[in-house]
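Below is one structure; the comments refer to it alone.
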Amino acid sequence: MRVVMFGYQTWGHRTLQALLDSAHEVVLVVTHPRSEHAYERIWSDSVAELALAHDVPVLLRNRPDDEELMVRLKEAEPDLIVANNWRTWIPPEIFNLPRHGTLNVHDSLLPAYAGFSPLIWALINGEQEVGVTAHMMDEELDAGDIVVQRSVPVGPKDTATDLFHRTVDLIAPIVTEALDLIASGRTTWTPQDRSKASFFHKRSIEDSNIDWNWPAEDIERLVRAQSDPYPNAFTHYRGERIRVLKASVSRGIYGGTPGRVFIREGDGVVIVAGADARRGRSHGLVIERVRTEDGTSLPATEVFRTMGGYLTRHPAT
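Quick note on numbering: full-length UniProt numbering labels position 101 of the sequence shown as 101, and the sequence is numbered without any gaps.
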């Protein structure tokens with residue numbers, strides 16, 4: 001088959017490499033220009049550089065909405081478009097152009113976690129497994145019939161970085177299997193159960209700002225979901241932003257006001273957490289390691305040397 005690829009960052013890079021390693025011909029690649037967005041500077045293997053290294057023509061676009069792109073797509077005469085981590089909507093005149101349509105590869109177990117940053121949201125929400133889905137594109141984002149889907153378990157200490165590496169390794173086998181199925185002439189796939197669908201927005205820095213009214217269990221997962229190289233979960237202490245690198249749920253039950261720097265436990269310092277904390281029914285969050293604004297990483301006990309005071313969502317005025 002003649003294949004056009006739409007993709008970006010490491011997800012797109014892995015997809016393009018799988019296409020290049022296949023028996024099919026990659027005739028055109030469309031990718032985004034480099035971005036300075038915090039979440040797009042990481043996992044940023046260049047799709048454009050990989051394509052050019054294999055003499056595949058490349059078009060840089062933020063959106064697929066110009067006449068030149070349509071001309072180039074029609075000239076390429078693709079049998080199939082394959083997309084992975086394309087950041088804007090692809091219109092029907094493009095995804096319906098090839099005779100086999102468009103295969104989209106998405107890093108969640110659709111129909112759950114359509115949209116953006118699915119691994120991070122899934123970890124925050126305590127999902128027991130994550131995965132990758134290849135599906136046929138239709139007019140609703142991430143909603144088309146499923147061609148291939150594979151999952152991996154989420155362990156109790158896994159970070160988003162761990163899950164990224166585990167799921168990105170699924171891309172090549174999933175793309176290979178999906179292309180083989182499509183090339184075989186199969187056209188009937190598994191419809192998504194839309195009653196189980198969820199759709200998440202793109203993350204921003206504010207989404208990493210710790211809300212101490214959350215239960216400690218949820219905050220601990222947020223910290224793991226914002227592991228390096230992601231922008232870390234953060235809070236404010238005495239006017240300074242503090243990034244939380246490592247935390248755990250306290251052994252003890254602690255009462256009081258959420259955000260209170262309370263007591264040492266183990267290798268860290270307990271912060272009161274949870275909307276019900278005032279009733280003395282909640283575990284706290286034990287912060288064990290932090291990073292200060294100057295980039296220094298150090299034990300939390302060296303920052304919270306005295307007990308008392310509060311961690312807040314915004315600098316104290």
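Just so it is clear, CB atoms sit at the ideal spot from N, CA and C, and this is done for glycine as well.
Remember, it's a predicted structure, so these values are computed and weren't measured experimentally.
{"Check": "Pick out the complete beta strand (DSSP E) segments inside the UniProt domain \"Formyl transferase C-terminal\" (206-306), 3 residues or longer, and give them in chain order.", "Outcome": "234-237, 240-253, 261-265, 268-271, 283-291 and 297-299"}
{"Check": "Is the beta carbon of Ala-225 less than 8 Å from the beta carbon of Ile-120?", "Outcome": "yes"}
{"Check": "Kindly list the residues whose CB is nearer than 8 Å to the CB of Thr-301, restricted to its own chain and excluding five residues on each side of it in sequence; keep chain order.", "Outcome": "Arg-264, Asp-267, Gly-268 and Val-269"}
{"Check": "Do Ala-172 and Val-148 come within 8 Å of each other at the CB atom, strictly closer than that value?", "Outcome": "no"}
{"Check": "With which residues is Asn-84 paired in a DSSP beta bridge?", "Outcome": "Gly-7 and Val-105"}
{"Check": "Please report the distance separating the alpha-carbon of Val-58 from that of Val-71.", "Outcome": "14 Å"}
{"Check": "Does the distance from the CB of Ile-94 to the CB of Pro-64 come in under 8 Å?", "Outcome": "yes"}
{"Check": "Just the Cα atoms here: how many angstroms apart are Arg-243 and Leu-109?", "Outcome": "30 Å"}
{"Check": "Starting from the Cα of Ala-216, find the closest Cα among Gly-252, Met-307, Pro-191 and Arg-241 and give me that residue.", "Outcome": "Gly-252"}
{"Check": "Determine which residues share a DSSP beta bridge with Tyr-39 and list them.", "Outcome": "Answer is none; Tyr-39 lacks a bridge partner."}
{"Check": "If we ignore side chains and look at the alpha-carbon of each, how far apart do Asp-79 and Glu-129 end up?", "Outcome": "33 Å"}
{"Check": "On the three-state DSSP scale, how would you describe Ser-204?", "Outcome": "coil"}
{"Check": "Please state if the CB of Thr-31 and the CB of Val-56 are separated by a distance shorter than 8 Å.", "Outcome": "no"}
{"Check": "Any contact of the region 155-164 with the region 184-198, i.e. 3+ C-beta pairs under 8 Å?", "Outcome": "no"}
{"Check": "According to the neighbour-count rule (16 or more other Cβ atoms, all chains shown, within 10 Å of its Cβ), is Glu-220 buried or exposed?", "Outcome": "buried"}
{"Check": "Are Gly-256 and Ala-275 closer than 8 Å when you measure CB to CB?", "Outcome": "no"}
{"Check": "Assuming Tyr-254 contacts Gly-284 under a Cβ cut-off of 8 Å, what Cβ separation, rounded to an integer in Å, is found between them?", "Outcome": "4 Å"}
{"Check": "For Arg-305, is the classification buried or exposed, using 16 other Cβ atoms within 10 angstroms of its Cβ as the cut-off for buried?", "Outcome": "exposed"}
{"Check": "Which term fits His-314, buried or exposed, when burial requires 16 or more other beta carbons within 10 angstroms of its beta carbon?", "Outcome": "exposed"}
{"Check": "Taking 8 Å as the cut-off, decide whether the C-beta atoms of Ala-83 and Gly-7 are in contact.", "Outcome": "yes"}
{"Check": "Use the C-beta contact count for Ile-205: other C-beta atoms within 10 angstroms, 16 or more gives buried, fewer gives exposed.", "Outcome": "exposed"}
{"Check": "From His-37 to His-135, what does the alpha carbon distance come to, in whole angstroms?", "Outcome": "27 Å"}
{"Check": "Taking the alpha-carbon of Gly-309 as reference, which of Arg-260, Leu-222, Ala-76 and Leu-52 has the nearest alpha-carbon?", "Outcome": "Arg-260"}
{"Check": "Excluding the 5 residues preceding and the 5 following Ala-197 in the sequence, name in chain order all residues of the same chain whose CB lies nearer than 6 Å to its CB.", "Outcome": "Pro-111"}
{"Check": "Return the bridge partner residues of Glu-68 from the DSSP annotation.", "Outcome": "Paired residues: none, contrary to the question."}
{"Check": "For Ser-297, collect the residues of the same chain with a Cβ closer than 8 Å to its Cβ; drop the 5 residues on either side in sequence, then sort them by chain order.", "Outcome": "Leu-245, Arg-289, Val-290 and Arg-291"}
{"Check": "Which same chain residues end up closer than 6 Å to Thr-88 when comparing Cβ atoms and leaving out the 5 residues on each side of it in sequence?", "Outcome": "Arg-63"}
{"Check": "Does the beta-carbon distance from Leu-103 to Leu-73 come in below 8 Å?", "Outcome": "no"}
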